[in-house]
Structures are given as structure tokens and as C-alpha cells.
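Q: The structure's right below; bear with me while I get my questions together.
2 protein chains.
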Amino acid sequence: MGRWEPGARERLVVAAVDLFTEQGYDATTVAQIAERAGVTKSTFFRHFPDKRELLVAGQETLCRLLTEGIAGAPGDATPLEAVAAGLERAAITMGPGSRELAPRLKAAVAASTELQERDTLKTVSLAAAMTAALVARGVPDPTAALAGELGVLAFKRGYAEWAEDARGADGELAGYTLAALDELRAASASLG
Amino acid sequence: MGRWEPGARERLVVAAVDLFTEQGYDATTVAQIAERAGVTKSTFFRHFPDKRELLVAGQETLCRLLTEGIAGAPGDATPLEAVAAGLERAAITMGPGSRELAPRLKAAVAASTELQERDTLKTVSLAAAMTAALVARGVPDPTAALAGELGVLAFKRGYAEWAEDARGADGELAGYTLAALDELRAASASLG
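Top line first, the protein sequences correspond to chains A and B.
Mapping of the first sequence onto the working numbering: position 51 corresponds to residue 51, and the numbering continues sequentially without gaps.
Mapping of the second sequence onto the working numbering: position 141 corresponds to residue 141, and the numbering continues sequentially without gaps.
Have a look at this one:
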């Protein structure tokens, strides 16, 4: 039942998000983040080139995992089945630490126009990554673009529910994102 | 057959896009834009608070027209029929001047990370505007979000084809965006 105990990299992320929430993104320095995390500035710079990259780092991992999951789906998988495989693979980086951090991250983003813009650009890069991975599987362009958008909507909606859900710590992110994808697939039948 | 002759506001937009293309967004000043457009700096500031807003101004008009078009669609219109009404209404602001400007705007955006980010944020705000307008019509949330994304994909794809199409100056933007929406609707049947 112990509080999640992260390593230096994760402590830096938690410290940064807390400081962004408390005093804003612009006012927070690398020195403050390192101090709050209980590490030296050199340790910060071993993990991240600057404070902005600290937020972008997770995005690149996410794009890579979504791409790998889509590429590794069975050859006869439909576009949305391939997207589901991507969402499942991407969820492996999001453990209890990410879930614990989520409400604070949300508060930090809500308080900063710059972080809101970063967050928006992040979701667009996820859609582009999924679309490219689907095109690489031979999915024709308009279908791939559409499936990529469904994937990103499913990720955002599933992540938000997972982060807010009071049902406890045992629910895995993949369950939420795949349920959201199913809901969107059902909704696509009523577009008219 | 004369070259399109815009007013002061449009001349400022054309001058800005040309300067952004030639020397980059950061290096371009309001004074240079006004000089190129053949107006005074005060005229610039009567139209736009700063050079960034010059690019954002069009986005607000676009969001408003998409929203009005969706709100004004017949009560029994399906979500995608309402989106089509929004795309049709939005196209009225995009005349021959916009089409002539499009390749230069594309080059300016390709050369500037800041403009790429602006452009990305713009498309996300269009999706949000369409989704909100659909929710206001009583379209349930997951369907509205999906239809909003289809609308923005249709706008982006239709606009890109309209701007690049060599068939001449008589094609209206609405024909392109509505055809793109039809293509995406057809593609949604093969998502699996």
C-alpha cells in the first residue's frame, strides 16, 4: 500500500509538475526542479536538455509505442484493431506513478497557456504517428487519417477517465482507452 | 482577368505572408509589413493588435462561420449534414484572394516552427468549435467529437486540394471540402 517510489527521472517529472502547478511554468527553474526532486542540476541535465523537454520526452515514447503496437498487429487486423493494438502497447508506460501524477499534471496544464499549447501539439503528433503507422500497413490514406483521429480521441478520453476514476488503483489504462475506442466505433454508426 | 485587388486589411495579410516567406516570421516587423502593404503603421494597428494576431484573426472568423452553419442546419439534419452546412458557410470567406495567397502561406508555414505550431493549434480550435456547435444541437458527446474531427479533416484536405488544384480559378472551396467530407464518410465504413 506504500506510496509509489520513483527513480530520479520520475522524481524530476513529479517535482516539475508540482512546481508548475504551484508557481507556474514560466517561473519554475531547472535548479528548483532538481532541488525539489532531491538531485543535482547535473542529474537533471543527464535526463533532460531543458524543462520543456521534460514534458516532451513522454510524448516521444508514446508515439514510438503506438507505432510499434500498430506495426505489430496481425496482418489481417482491421484499421481499428491495429489502433487498439497500439493503444494497448502505449498503456504499458502508464503505471500507478502516471495515474498519481495525472490530477496535478491536469492542474498545471489548466494554469498555463504554454502548457495547454504543448499538450495540444502533443495530441496532434500522436494522431500523425498512428496515421503514418497505418499507412505503412497499407491502409489507404483517408481511412488511415480517420482511424488515427479515432485513436487519439480514444487515448484522450480513456486517459481522462482513468485519471479521474475513483474505483481504485487496480484499473489499467488499456481497459479505459480500449473501451473509449469501442464507444467511438459505435458512435461512428450514427454520424449520418 | 485582372489580378485580385484587395483592400488594406487583405494587403496587410498578403504583405505579411510574403515577408514571413522571404525572411522568416521572427525577423519580420510590423513596420516592414505596413511598408510592404503601402499603408502606415497606424493602419496596421487599426486592423490587428500585433503580427501574431494577423494570423489568428482569420481563425476566429472561421470558427464563427462553422458554428453558425452548424447551428443553422435543418433540425432533422444528421451530424455530418450539419458539419457540411458549417463547411459550406465557412467557405464564403475564402475567395480568389485566399486561393492566390495559399501557396505562399504554405511556404511561410513550412519555414517556421512557430507558424507550424500556430497552424496546428488553429485546426484543433476548429474541431472544438464544430464539436461544441454539434453538442448544442443535441448530438451526443462521442458522436459530436467524432463528427467535429471529420469536419476538420475535411476542411484541411479540401483546402489543400483547392489551393493546389490547377483546374483554374472558378472552383469554389465548398466543392472541395464537401467532396472531402463525402470521401471521409465513405472511409468510415472501412474502419473495421
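Every residue gets a Cβ at the ideal spot worked out from N, C-alpha and C, and that includes glycine.
What in chain B is Cβ-close to A:ALA145, meaning under 7 Å?
A: Here residue 145 of chain A is taken as the residue at index 145 of the first sequence, counted from 1. Residues of chain B passing the Cβ test: LEU153.
Q: Establish whether the CB of A:GLU81 and some CB of chain B are separated by less than 7 Å.
A: For the purposes of this step, residue 81 of chain A is taken as the residue at position 81 of the first sequence. Judged by the 7 Å Cβ criterion, A:GLU81 is in contact with chain B.
Q: Which class does B:ARG157 belong to by DSSP, given the choice of helix, strand or coil?
A: The residue you call residue 157 of chain B lines up with position 157 of the second sequence. Three-state DSSP puts B:ARG157 in a helix.
Q: Determine the DSSP secondary structure at B:MET94, reduced to helix, strand or coil.
A: Position 94 of the second sequence, counted from the first residue, corresponds to residue 94 of chain B. Reduced to three states, the DSSP call for B:MET94 is coil.
Q: In terms of residue numbering, what span does the alpha helix (DSSP H) encompassing A:TYR176 cover?
A: What you label residue 176 of chain A is simply residue 176 of the first sequence in a count that begins at 1. Run containing A:TYR176: 173-188, per the alpha helix (DSSP H) assignment.
Q: Please list, in chain order, the residues of the segment 69-96 of chain B that have any C-beta partner in chain C closer than 9 Å.
A: As a matter of chain content, chain C is missing from the structure shown, whose protein chains are A and B.
Q: Name the residue from A:GLY7, A:THR120, A:TRP162 whose alpha carbon lies nearest to the alpha carbon of A:ARG178.
A: Here residue 178 of chain A refers to the residue found at position 178 of the first sequence. Here the sequence assigns Leu to residue 178 of chain A, which means Arg is not the residue at that position. Comparing Cα positions, the closest option is A:TRP162.
Q: Mapping DSSP to helix, strand and coil, what is B:ASP76?
A: One-based indexing of the second sequence puts residue 76 of chain B at position 76. Correct three-state label for B:ASP76: coil.
Q: Where does the unbroken alpha helix (DSSP H) through B:GLY58 begin, and where does it stop?
A: The residue you call residue 58 of chain B lines up with position 58 of the second sequence. Note, B:GLY58: alpha helix (DSSP H), 51-71.
Q: Where B:VAL14 and B:THR28 are concerned, what is the direct C-alpha to C-alpha distance, given to the nearest angstrom?
A: Here the question's residue 14 of chain B lines up with position 14 in the second sequence. Here the question's residue 28 of chain B lines up with position 28 in the second sequence. Whole-angstrom Cα-Cα distance: 13 Å.
Q: Near A:ALA37, what residues of its chain come up, given a Cβ to Cβ distance below 6 Å and the 5 sequence neighbours on each side ignored?
A: In the first sequence, residue 37 of chain A corresponds to position 37, counting from 1. If we look at A:ALA37 and ignore the five residues flanking it on each side, its Cβ neighbours are ARG11, LEU12, ALA15.
Q: Distance cutoff 7 Å, beta carbons only. Does B:ARG3 sit that close to anything in chain A?
A: Position 3 of the second sequence, counting from 1, holds the residue named residue 3 of chain B. Its pLDDT being 46, under 50, B:ARG3 is placed unreliably in this model, and the value from its coordinates should be taken loosely. Closer than 7 Å: no.
Q: Which same chain residues, not among the five before or five after B:ARG3, have their C-beta less than 7 Å away from its C-beta?
A: Position 3 of the second sequence, counted from the start, is the residue given in the question as residue 3 of chain B. Any answer about B:ARG3 is weak, because its pLDDT of 46 lies below 50 and its placement is not dependable; what the coordinates show is given next. Once the five neighbours on either side are set aside, B:ARG3 has no close Cβ partner at all.
Q: CA-CA distance, A:VAL56 and A:ALA147?
A: For the purposes of this step, residue 56 of chain A is taken as residue 56 along the first sequence, with counting starting at 1. For the purposes of this step, residue 147 of chain A is taken as residue 147 along the first sequence, with counting starting at 1. Roughly 24 Å separates the two Cα atoms.
Q: Enumerate, from N- to C-terminal direction, the unbroken alpha helix (DSSP H) stretches of 4 or more residues contained entirely within the segment 4-51 of chain A.
A: DSSP runs (the alpha helix (DSSP H)) wholly in the segment 4-51 of chain A: 8-23, 30-37, 41-47.
Q: Pick helix, strand or coil for B:GLY138, following the three-state DSSP scheme.
A: Locating residue 138 of chain B in the second sequence gives position 138, where the first residue counts as 1. Correct three-state label for B:GLY138: coil.
Q: Let's test the definition: count the other Cβ atoms within 10 Å of the Cβ of B:THR143 and tell me whether it reaches 16, buried, or not, exposed.
A: Indexing the second sequence from 1 puts residue 143 of chain B at position 143. Its Cβ being crowded by 16 or more others within 10 Å, B:THR143 is buried.
Q: Comparing the C-beta of B:PRO103 with each C-beta of chain A, is any distance below 7 Å?
A: Numbered from 1 along the second sequence, position 103 holds the residue referred to as residue 103 of chain B. For B:PRO103, the answer is no, since every Cβ of chain A falls outside 7 Å of its Cβ.
Q: Can you list, in chain order, the residues of its chain with a C-beta nearer than 8 Å to that of A:GLY24? Leave out the 5 residues immediately preceding and following it.
A: The residue you call residue 24 of chain A lines up with position 24 of the first sequence. Counting only Cβ-Cβ distances below 8 Å, and skipping sequence neighbours, we find ALA111, SER112.
Q: If you draw a straight line from the C-alpha of A:PHE45 to the C-alpha of B:LEU62, how long is it?
A: Counting from one through the first sequence, the residue named residue 45 of chain A turns up at place 45. Counting from one through the second sequence, the residue named residue 62 of chain B turns up at place 62. So the alpha carbons of these two residues sit roughly 43 Å apart.
Q: CB B:LEU173 to CB B:ALA84, shorter than 7 Å?
A: As a first step, residue 173 of chain B is located in the second sequence; it is residue number 173 there, counting from the start. As a first step, residue 84 of chain B is located in the second sequence; it is residue number 84 there, counting from the start. The answer is no: Cβ separation not under 7 Å.
Q: What does the alpha-carbon distance come out to for the pair B:GLY86 and A:ALA73?
A: To locate residue 86 of chain B, count along the second sequence from 1; it is residue 86. To locate residue 73 of chain A, count along the first sequence from 1; it is residue 73. Those two C-alpha atoms are separated by around 37 Å.
Q: State yes or no: is the beta carbon of B:LEU121 nearer than 7 Å to at least one beta carbon in chain A?
A: Translated into positions along the second sequence, residue 121 of chain B becomes position 121. Judged by the 7 Å Cβ criterion, B:LEU121 is in contact with chain A.
Q: List, in chain order, every chain A residue whose beta-carbon is nearer than 8 Å to that of B:LEU202.
A: Summary: the structure shown does not reach residue 202 of chain B, with chain B confined to residues 1 through 192, and so no result is reported for it.
Q: Which of the three DSSP states is assigned to A:LEU87 in this structure?
A: The residue you call residue 87 of chain A lines up with position 87 of the first sequence. Helix, per DSSP.
Q: With a cut-off of 7 Å, does the C-beta of A:VAL30 fall near any C-beta of chain B?
A: Taking the first sequence and counting its residues from 1, one reaches residue 30 of chain A at position 30. No, A:VAL30 does not count as interfacial toward chain B.
Q: What would DSSP say about B:LEU105, mapped onto helix, strand or coil?
A: What you label residue 105 of chain B is simply residue 105 of the second sequence in a count that begins at 1. Three-state result, B:LEU105: helix.
Q: With 16 as the cutoff for other CB atoms within 10 Å, does A:GLU88 come out buried or exposed?
A: Indexing the first sequence from 1 puts residue 88 of chain A at position 88. It counts as buried.
Q: Mind checking A:THR40: buried by the 16 CB within 10 Å criterion, or exposed?
A: Here residue 40 of chain A is taken as the residue at index 40 of the first sequence, counted from 1. A:THR40 should be labelled exposed.
Q: Let me know if A:PRO49 comes out buried or exposed under the rule of 16 or more other beta-carbons within 10 Å of its beta-carbon.
A: Residue mapping note: residue 49 of chain A aligns to position 49 of the first sequence, counting from 1. So A:PRO49 counts as exposed.
Q: Pick out whichever of A:LEU80, A:GLU22, A:THR43 has its Cα sitting closest to the Cα of A:ALA154.
A: Numbered from its first residue, the first sequence carries residue 154 of chain A at position 154. The shortest C-alpha separation from A:ALA154 is found at A:LEU80.
Q: Taking B:ALA108 as the reference, which of B:ARG9, B:GLY7, B:THR120, B:LEU19 has the closest Cα?
A: Within the second sequence, the letter at position 108 stands for residue 108 of chain B. Checking every option, the nearest Cα to that of B:ALA108 belongs to B:LEU19.
Q: Which same chain residues end up closer than 7 Å to A:GLY7 when comparing Cβ atoms and leaving out the 5 residues on each side of it in sequence?
A: In the first sequence, counting from the first residue as 1, residue 7 of chain A sits at position 7. Here the set comprises nothing.
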